[in-house]
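Report on one structure; see the data block that follows.
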Amino acid sequence: MKISKQERREAKQLFRSCVNNGLLDENRVRQAVQAVITQKPRGFMGILSQLQRLVKLDLERRTAKVESATTLSPQEQAAVQSSLVAKYGPGLNLTFAQNPALLGGLRIQVGSDVYDGSVRERLDNLREAF
Amino acid sequence: MSNLLQEIEAQISGVKTAVTRQNVGIVREIGDGVAKIEGLTDAMLNEMLDFGNGVIGLALNLEETEVGAIILGDYTGVREGQEVRTTGKLLQVPVGKGLLGRVVNSLGQPVDGKGPIKSDVNYPVEKIAPGIIKRKSVSQPLQTGIMAVDAMIPIGRGQRELIIGDRSTGKTTIGVDTIINQARINKAAEAAGEKDFRPIYSIYVAVGQKQSNVARVISVLEEAGAMPYTIIVTATASDSATNQYLAPFAGASMGEWFMDNGMDALIIFDDLSKHAVAYRQVSLILKRPSGREAYPGDVFYLHSRLLERCARVSERYGNGSLTGLPIIETQAGDVSAYIPTNVISITDGQIYLETDLFYQGIRPAISVGLSVSRVGSAAQIKAMKQVAGRIKGDLAQFRELAAFAQFGSDLDAKTQAQLERGKRIVEVFKQPQYNPLPVEVQAAILWTVQNGFMDDVPVDKIKDFQAKLTDYLSSRKADLMGKISKEKALSDALVAELKATVTEFKQTYK
């Protein structure tokens with residue numbers, strides 16, 4: 143579906159109005175979506191899908207995905223969390239996942255930044271070096 | 062001892078695999094060599110992107126939520142959802158003397174099957190042209206070996222002279238002739254062991270050409286022995302538009318290396334019309350707004366920043382130069398189209414080739430009235446200035462008279478003489494392709510025609526007379542030619558000698 147410039151602009155305005163102190167206010171987003179659905183302004187489908195995309199990108203930006211080969215102990219999780227919050231500020235959602243393909247070490251992705259200290263990555267780098 | 066410690070330290074730090082931050086994105090859209098990538102928040106303009114499996118891209122559009130990138134090389138392996146990384150590097154090509162004699166693509170990779178390129182220096186493809194302080198005005202000649210060009214539209218080192226004309230009017234031939242002449246001069250000087258001789262290295266950039274045409278140019282250059290002084294950069298019609306867009310910039314970087322290292326180089330962009338078309342394709346797929354003839358708004362800047370890189374730098378900065386000969390193909394002689402007017406206004410003059418002249422047998426089909434060189438006359442050698450100073454005016458006058466004389470046959474003796482002289486000058490300027498002439502021979506022949514020694518030779522015999530005179534001058538009177546090329550001017554003594562020589566030749570000519 144093609145989203146027009148006007149719809150993009152309105153979605154952007156809507157998104158801005160939902161931001162409070164630099165952080166996205168979830169309740170306001172819900173209210174905004176409700177309001178758009180009930181009022182049905184011109185091109186509301188385009189506005190909603192663009193808003194959804196903006197919210198998705200914002201969530202991704204503030205989500206830290208921590209992957210490890212084995213499950214991390216609560217102390218280790220707390221250590222990772224505190225160092226990430228120190229770097230990226232508050233409002234960071236952490237998800238912990240297990241990925242045996244990493245073989246060992248951690249892979250942390252925050253938005254489009256990736257910190258890869260896994261054994262898998264090092265092996266790949268080694269293979270490329272040859 | 063401290064060296065050893067440093068070495069060990071460096072090796073240890075190399076082994077330590079510190080976790081580094083990487084910036085990644087996900088391919089969201091892919092088509093026609095252009096990808097839209099979500100993420101990549103740290104991407105810089107014109108940065109190289111790593112698509113994995115050796116495929117690289119170039120970030121051209123930085124938008125609010127995504128990055129538009131062109132893919133260099135094979136884009137059929139790139140999939141939606143694939144991870145892309147930034148590299149923090151600009152696109153670079155190998156430069157240096159190791160490229161001479163080679164045929165490379167727009168990334169500087171060899172395509173001639175002669176093994177890897179020997180080069181340890183890389184230059185970024187997009188480079189800012191030398192500034193005002195570094196520059197110097199054009200003052201040294203670049204001999205094309207084409208008499209009509211060297212006499213009437215002289216080109217200097219560091220100049221940008223546009224070659225413009227319809228299809229098949231001999232545009233490429235002028236470029237190839239110039240390359241061959243540089244190789245001839247370089248070889249002669251090397252054989253004579255001249256100390257302060259400055260060779261000119263040539264770069265031929267083929268953009269959007271047929272592969273067969275490029276192969277033909279290569280074989281002509283090989284036959285003429287010009288390849289050891291030439292680099293060929295190809296992005297043929299079958300290469301992707303992204304590669305065609307990059308090829309002239311890659312060629313300019315290779316030329317700039319010669320300029321930066323105090324050498325002289327010549328670059329031929331064949332041709333910039335196709336380059337503009339390739340850039341239009343890339344821009345439209347990137348969804349940039351289009352303007353006149355659907356070209357993007359920055360198509361002028363595209364060519365101006367490319368051609369500004371051709372320059373002459375002053376002694377303090379190495380005294381090098383890069384001469385540019387861009388080629389533009391017009392449609393039905395229309396020089397007022399968008400791209401031709403752009404490039405005409407950027408360059409320091411143009412050589413305009415006409416279809417009509419070409420089919421009248423006047424080859425090279427240079428239209429004297431519309432061709433001009435804005436800075437080259439400062440670079441012409443004195444001998445040439447002495448004999449060719451008035452020739453452009455004479456020819457223009459002849460054209461006017463010839464048009465007038467068609468209506469009536471009763472002409473006074475002076476007009477008749479002017480017409481006859483004009484016909485002979487036109488005849489003298491005809492020159493077969495791939496046959497450049499040394500400048501001293503050009504000067505001697507022009508002196509002969511200007512001083513009336515050809516007036517009693519029938520017009521249809523002029524070519525024969527000229528060929529035999531050239532032979533005579535370069536074989537029997539080589540020392541006279543040597544003197545002219547050394548003195549670079551026709552002194553009274555030389556003129557007297559030249560007069561005696563031509564008179565002597567005319568007695569033997571039948």
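Chains as they are written, first to last, in the working numbering: chain A, 143 to 272; chain B, 62 to 571. Using N, Cα and C, we set each Cβ at its ideal position, and we do this for glycine too.
query: DSSP-derived helix/strand/coil call for aspartate 255 of chain A; result: strand
query: Neighbour flag for leucine 110 of chain B against chain A, beta carbons, 8 angstroms; result: no
query: Within the stretch 510-544 of chain B, ranges of the beta strand (DSSP E) (whole runs, at least 3 residues); result: none
query: Bridge partner(s) assigned by DSSP for valine 156 of chain B; result: B:Val182
query: Beta carbon proximity, valine 256 of chain A to chain B, threshold 8 angstroms; result: yes
query: With 16 other Cβ atoms within 10 Å as the buried cut-off, status of glutamate 255 of chain B; result: exposed
query: Segment limits, beta strand (DSSP E) that includes arginine 89 of chain B; result: 82-92
query: Three-state secondary structure assigned by DSSP to proline 499 of chain B; result: coil
query: Glycine 253 of chain A: contacting residues in chain B (beta-carbon distance under 8 angstroms); result: Gly100, Thr102
query: Where glutamine 220 of chain B falls: helix, strand or coil (DSSP); result: coil
query: Proximal chain A residues relative to asparagine 84 of chain B, where beta-carbon distance stays under 8 angstroms; result: Ser254, Asp255, Val256
query: CA nearest to the CA of serine 180 of chain B, picked from B:Leu160, B:Lys188, B:Leu203; result: B:Leu160
query: Whole runs of the beta strand (DSSP E) within the stretch 393-445 of chain B, excluding any shorter than 3 residues; result: 410-414
query: Helix, strand or coil at serine 210 of chain A [DSSP, three-state]; result: strand
query: Beta-carbon proximity check, glycine 236 of chain B vs isoleucine 224 of chain B, cutoff 8 angstroms; result: yes
query: Beta-carbon contacts of alanine 439 of chain B that lie in its chain and below 8 angstroms, excluding the five residues immediately before and after; result: Ser198, Val199, Ser200, Gly217
query: Where tyrosine 265 of chain B falls: helix, strand or coil (DSSP); result: strand
query: Status (buried if at least 16 other CB within 10 Å, exposed otherwise) for phenylalanine 490 of chain B; result: buried
query: Residues from the stretch 195-217 of chain A in contact with chain B, defined by Cβ distance under 9 angstroms; result: Arg195, Leu196, Leu199, Glu202, Arg203
query: Short CB-CB distance (under 8 angstroms) between valine 186 of chain B and chain A; result: no
query: Helix, strand or coil at aspartate 103 of chain B according to DSSP, with G and I counted as helix; result: coil
query: Counted within 10 angstroms of its Cβ, other Cβ atoms place threonine 230 of chain B as buried (16 or more) or exposed; result: buried
query: Inter-stretch contact (C-beta, 8 angstroms, three-pair minimum) for the stretch 518-537 of chain B and the stretch 444-464 of chain B; result: no
query: Presumed contact (8 angstroms Cβ cut-off) between methionine 445 of chain B and arginine 485 of chain B, rounded CB distance; result: Not confirmed; about 19 angstroms, so no contact.
query: Closer than 8 angstroms to chain A by CB, valine 148 of chain B; result: It is threonine, not valine, that sits at residue 148 of chain B in the sequence shown. It does not: the Cβ of threonine 148 of chain B has no partner Cβ on chain A nearer than 8 angstroms.
query: Nearest-angstrom beta carbon gap, leucine 234 of chain A and leucine 260 of chain A [assumed within contact, 8 angstroms]; result: A quick correction: the sequence has serine, not leucine, at residue 260 of chain A. The pair is not a contact, with the Cβ atoms about 21 angstroms apart (cut-off 8 angstroms).
query: DSSP beta-bridge partners of threonine 297 of chain B; result: Per DSSP, none; premise fails for threonine 297 of chain B.
query: Where isoleucine 194 of chain B sits in the DSSP three-state scheme; result: coil
query: Under the three-state DSSP convention, the category asparagine 114 of chain B falls into; result: coil
query: Below-8 angstroms beta-carbon distance, valine 80 of chain B vs any chain A residue; result: yes
query: Proximity winner among B:Leu152, B:Met208, B:Ile214, relative to glutamate 187 of chain B (alpha-carbon distances); result: B:Leu152
query: Cutoff 6 angstroms; reference lysine 335 of chain B; Cβ partners in own chain excluding five residues on either side; result: Val268, Gly269
query: Cutoff 8 angstroms: threonine 384 of chain B Cβ touching any chain A Cβ; result: no
query: C-beta contact flag for valine 275 of chain B and threonine 295 of chain B at 8 angstroms; result: yes
query: Closest residue to alanine 308 of chain B among B:Ile292, B:Val128, B:Ala96 (Cα-Cα distance); result: B:Ile292
query: Of the listed residues B:Asn183, B:Pro171, B:Pro401, nearest to alanine 337 of chain B (C-alpha basis); result: B:Pro401
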